[in-house]
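Student: With my numbering, you'll find the sequence shown wraps up at 184, consecutive numbering, no jumps.
Beta carbons: idealized from backbone N, C-alpha and C, even for Gly.
First the structure, which I've put down as structure tokens, then a few questions once you've had a look.
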Amino acid sequence: MADTRYLLMVTVVSAAVTWALRALPFAVLTPLRASRTVQYLGARMPSGVMVILFVYCLRDLPLPHLRAAAPLAALAVTAGLHLWRRNALLSIIGGTAVNVALASTLFAH
């Protein structure tokens with residue numbers, strides 16, 4: 076009986092801590108949603124993150140080499156798809172597919 080009570084208490088405490096840790100960010104962020112700073116960051120962060128990813132992914136790209144063609148083609152496809160459809164998921168999937176296809180077939184070593 077003591078083991079059962081102990082296991083029940085451990086389960087209750089674990090569930091309470093898990094619930095509190097998952098609810099805490101929402102409770103903290105609720106008052107911040109009306110903040111002008113948070114709204115500004117929410118509007119500007121997606122493009123800022125994309126610029127950082129762009130620079131990070133292409134920073135070591137050897138432009139004179141043939142192996143640079145796959146990522147550059149994927150970049151062109153990603154930009155073209157995004158300008159055409161304005162769908163981030165389609166752009167990301169399309170660019171990734173082109174990069175993987177070219178890098179593993181035409182430009183594989």
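Hey, P146 and L133 are a contact pair by Cβ (cut 8 Å); roughly how many whole angstroms apart?
Tutor: Reading the sequence shown from its first residue, position 71 is the one you call residue 146. Reading the sequence shown from its first residue, position 58 is the one you call residue 133. Yes, P146 and L133 are in contact; Cβ-Cβ is about 7 Å, under 8 Å.
Student: Is the beta carbon of A183 sitting closer than 8 Å to the one on G170?
Tutor: Within the sequence shown, numbered from 1, the residue matching residue 183 stands at position 108. Within the sequence shown, numbered from 1, the residue matching residue 170 stands at position 95. No; because the gap between Cβ atoms is not below 8 Å, this pair is not in contact.
Student: Please classify V126 as buried or exposed, where buried requires at least 16 neighbouring CB atoms within 10 angstroms.
Tutor: Sequence index remark: in the sequence shown, residue 126 carries index 51 (1-based). It counts as exposed.
Student: According to the neighbour-count rule (16 or more other Cβ atoms, all chains shown, within 10 Å of its Cβ), is T65 buried or exposed?
Tutor: As shown, the chain starts at 76 and ends at 184. That puts residue 65 outside it, with no answer to give.
Student: DSSP state of T153, grouped into three classes?
Tutor: Looking up residue 153 in the sequence shown gives position 78. In the structure shown, T153 sits in a helix (DSSP, three-state: H, G or I).
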